[in-house]
Amino acid sequence: MSIGNRKKICLINPPTTDLADAQMYFPMALITLGGVIKSLGGHSELWDFDLYFRKIKNSSEKSFRKLIQHGVDGIGTDVFGISSICSNFPMALWIAKEIKFHRPNSMIILGGPQPSSLPTEILKTFDFIDVVAIGEGEKTLEELFLAGFKPEKFAQIPGLAIRENGEIKLTPKRTLIKDMDEFPFPDYSLINFEDYISHQSGAYYPNVEVGRGCPFHCTFCSTALMWEKDYRVKSPQRILAEMEHLYNNHGFQYFDFIHDNFTTSRKFVLDFCDFMDKNNRHQLKWKASSRTDCIDVKRLEIMQRAGLFGLFFGIETGSERMQSVIKKNLDFDHFEPILRRGNQLGMGLTTAFILGFPEEKFEDLNETIIRALHYKSVGTQNVYFSKLTALTGTSIYRDNLNKFSELSQVSNTSPQDYGLPYIYALIRNHPNLFSSFYHVDHPEFTADFLTRLTEFAQLLVSYQPDNALMLQKSLGLNPINLFILWDRWASKYQIPYYNFRIYSPQSFKINFIFFINELILSQNNQASESQRVAV
Ligand code: B12
Ligand code: SF4
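Residue numbers (the working numbering): 5 to 539.
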């Protein structure tokens, strides 16, 4: 293979979020890798299809093809690095195939969490992918760059899946860098923040990656595959320097930290807060993710004084039994005062839940929605629900291997198909590679039931928590019973509440009031009927 310009790489983010999503994210992985290339004296160009697809109104296959052909013709390199997570994986492959079609001599490197979990399968199945970069990418890309992206040198570079003499081989494992301060600064010159802000509804908080790795082992989570349960953080000095860079050059004051579990180390958090108290002269604010048992009220208050304005907690299930089944093992009593204090301090707290674990019973689903309603009722800003996804490489995935058959209908995990027949065929022909697009088999609940329940729970908890609690108290309706009655009512009036793309919260608020009125009326009629019978 002859590679033209070996000093330049085209970095590609496939479309990742749903076009209806309010939030925009710039591709942190690619900005980070661009920083590496820059530090070596090379050049990168970034194609962010998540952004392009919002810009071009025409989403036909022809227009995508034209976009790629035009890009490939003008790029001035044959090296393409594509980053992929589960939701954009089919589109990542489609883009790769198109590039290869227009430029058969190109070198296509695929990296990110999804390819890292399936390196051999990818090379076996897709001949237009040349190399898979597995796991942490900075050092791997550095060595690929220094090797001039010459395939004959790849066998010596750790962290790759390659083809050699017609065979697929894994090079030695890439070890994680111990000190994350060694990484060059992300190359923000690759993006134009205005582009992201203009497609965002509401405030825009740019990401700052502050560290990697979480030592816990929840059955549905894929973080361990990438970061090997090795909790690492950048130094407080480095984190503040990255924030200040964005403040000085782009005027941002609020930041969204990327770390799976920022508060894992008590010592680090206290050191970081102490450093911020003394050095954060521009009063920059930040939000982060935490496990509920890696924080306490005192630490929360300290973090708030150091600039914390929001915290994300993955609760996953409101059932104690299920907490242990999914190996999350959170203690709800420990969390209660933390949540209440955070809400009292006016912080934007988020709690997130998952519905559809195979071991879940009606009772567990009820307990989850009841807990979510409770969290909302004590003032929690956001309460989110997702339907379970089997992420490749997780234990839930392994348990369900070869059992993926029914496509998940409406799931925020798999929004991108753009009507391309190739994408549909890919997902249908390789269920184990595209597991996040499938329903996780459940002995009692169908995909349709769980999809509808998830959408209903989201709407109910976000927009009608008081009425839900009132109905529970006055009519003794638990959330699942309420859902069953609502679903029947919504079917009668053909209300598509389970499709978030066409059904608005405003419609739900109105419909739910009509529903309650009819419900109470029918209960009263039933009551007077039984009185008549009794008389
Ligand atoms: C920010 C984020 C998002 C953002 C933006 C997504 C994006 N563009 O990355 C949003 C909010 C949109 C998002 C959404 C989702 N996310 Co998310 N998200 C993250 C998060 C927290 C940070 C991503 C990040 O920037 N990391 C920092 C960068 C530097 O790391 P990285 O991306 O892994 O890149 C490194 C390597 O992978 C490698 N690399 C990456 N690309 C390439 C390319 C080349 C050429 C090379 C050489 C190397 C390389 O080098 C990089 C540097 O070391 C991660 C968790 C995490 N800590 O990483 C989850 C994560 C990516 N998300 C995940 C999931 C499941 C989702 C959702 C499906 C959740 C859901 N149920 O809705 C949705 C899907 C999207 C949608 N439909 O909206 C999973 C993905 C698992 C998988 N197998 O793909 C992760 C890993 C979380 C987890 N542990 O389970 N997410
Ligand atoms: S605590 Fe969070 S980040 Fe850590 S393994 Fe569990 S779900 Fe993943």
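Yeah, the Cβ is synthetic: ideal placement off N, Cα and C, and Gly gets one too.
Near the ligand SF4: C218 beta-carbon under 7 angstroms from a heavy atom
The answer is yes for C218.
Whole-angstrom distance between E246 and F187, CA atom to CA atom:
Rounded to the nearest angstrom, the gap between the Cα atoms of F187 and E246 is 12 angstroms.
Given Y56, which residues of its chain have a CB within under 7 angstroms of its CB, disregarding the five upstream and five downstream residues?
So the qualifying residues of the chain are L71.
Give a yes or no on whether the minimum CB-CB distance between I99 and chain D is below 8 angstroms.
Protein chains in the displayed structure number just one, and chain D is not present.
Under 8 angstroms, with one C-beta from each stretch per pair, do the stretch 174–187 and the stretch 137–148 reach the 3-pair mark?
Yes: at least three Cβ pairs fall under 8 angstroms.
For A24, which three-state DSSP category applies?
The answer is coil: DSSP assigns A24 none of H, G, I, E or B.
Any non-hydrogen atom of the ligand SF4 within 7 angstroms of R456 CB
The answer is no for R456.
Rounded straight-line distance, which links the Cα of F189 to that of T36
Distance between the alpha carbons of T36 and F189: 7 angstroms.
Mind pulling the beta strand (DSSP E) runs of 3 or more residues that sit fully within the stretch 81–105?
If one requires a minimum length of 3 residues, the beta strand (DSSP E) runs lying completely within the stretch 81–105 are 83–87, in chain order.
Proximity to E102 [Cα-Cα], best of K66, K365, G116
Relative to the Cα of E102, the nearest Cα in the group K66, K365, G116 belongs to K66.
Sorted by chain position, which residues of the same chain lie with C-beta nearer than 8 angstroms to I99's C-beta, five sequence neighbours on each side aside?
Within the same chain, I99 has close Cβ partners I16, P18, F53, I72, I86.
Roughly how many angstroms separate the alpha carbons of Q160 and P500, rounded to a whole number?
In this structure, the alpha-carbon of Q160 lies about 55 angstroms from that of P500.
Drop a sphere of 10 angstroms on the beta-carbon of I524, count the other beta-carbons inside from all chains shown, and report buried for 16 or more, exposed for fewer.
Exposed: under 16 other Cβ atoms inside 10 Å.
Cβ-based neighbour list, T384, same chain, cut-off 7 angstroms, excluding 5 preceding and 5 following:
The answer, listed in chain order, is L343, N347, L353, T355.
Residue environment, D134, which counts as buried when at least 16 other CB atoms sit within 10 Å
Counting Cβ neighbours within 10 Å, D134 comes out buried, since at least 16 surround it.
With F361 and V329 assumed to form a contact (beta carbons below 8 angstroms), what rounded beta-carbon distance in angstroms separates them?
Contact check for F361 and V329: beta-carbon distance about 7 angstroms, within the 8 angstroms limit, so the pair qualifies.
Give the DSSP bridge partners of M184, in chain order.
DSSP, once it has assigned bridges, lists no residue as partnering M184.
Taking G116 as the reference, give the member of Q308, S226, K59 with the closest Cα.
Of Q308, S226, K59, the residue nearest in Cα terms is S226.
Is the Cβ-Cβ distance between V212 and V237 less than 8 angstroms?
Cβ distance not < 8 angstroms, so V212 and V237 don't count as in contact.
Flag this pair as touching only if the stretch 440–456 and the stretch 386–396 have three or more C-beta atom pairs under 8 angstroms; answer yes or no.
Flag = yes, the stretch 440–456 and the stretch 386–396 touch.
Tell me the start and end of each unbroken alpha helix (DSSP H) in the stretch 392–476 that is at least 4 residues and wholly inside, in chain order.
Runs of the alpha helix (DSSP H) lying entirely within the stretch 392–476 and spanning at least 4 residues, in chain order: 399–404, 425–433, 451–467.
Can you give me the start and stop residues for the alpha helix (DSSP H) that H74 sits inside?
Its alpha helix (DSSP H) spans residues 65–78.
With a Cβ-Cβ cutoff of 8 angstroms, do M351 and G314 count as a contact?
Their beta carbons are under 8 angstroms apart, which means M351 touches G314 by this criterion.
Can you tell me which of the three DSSP states E156 falls into?
E156 sits in a helix when the DSSP states are folded into three classes.
State the Cα-Cα distance for the pair N471 and L486, rounded to the nearest angstrom.
If I take the Cα positions, the gap works out to 11 angstroms.
Sorted by chain position, which residues of the same chain lie with C-beta nearer than 7 angstroms to S418's C-beta, five sequence neighbours on each side aside?
Legend: pLDDT at S418 = 48, less than 50; position of this residue unreliable, no value from coordinates given.
Short of 6 angstroms in beta carbon distance, which residues of its chain neighbour V539, apart from the five on each side in sequence? Order them along the chain.
Confidence at V539 is low in this model, with a pLDDT of 43, below 50, so the placement of that residue is unreliable and no value is reported for it.
Through-space distance from H203 to Q27, alpha-carbon basis
Between Q27 and H203, the C-alpha separation is close to 8 angstroms.
C-beta atoms of G217 and Y200 nearer than 8 angstroms:
Contact: no.
Can you give me the C-alpha to C-alpha distance between P155 and K59, rounded to a whole angstrom?
Between the C-alpha atoms of P155 and K59 there is a straight-line separation of about 36 angstroms.
Which of the three DSSP states, helix, strand or coil, is assigned to M351?
M351 sits in coil when the DSSP states are folded into three classes, being neither helix nor strand.
Express the C-alpha separation of F276 and R309 in angstroms, rounding to a whole number.
The straight-line gap from Cα to Cα measures roughly 12 angstroms.
From the DSSP secondary-structure annotation, give me the bridge partner or partners of K289.
For K289, which the question treats as bridged, DSSP gives the partners Y258.
Assumed close pair I181, K143 - CB separation to whole angstroms, cut-off 8 angstroms
Contact between I181 and K143 holds, with the beta-carbon distance rounding to 6 angstroms and staying under 8 angstroms.
Just curious, the alpha helix (DSSP H) that L145 is in, first and last residue?
Start and end: 142–150.
Hey, could you find the ends of the alpha helix (DSSP H) E125 is sitting in?
First-last of the alpha helix (DSSP H) with E125: 123–129.
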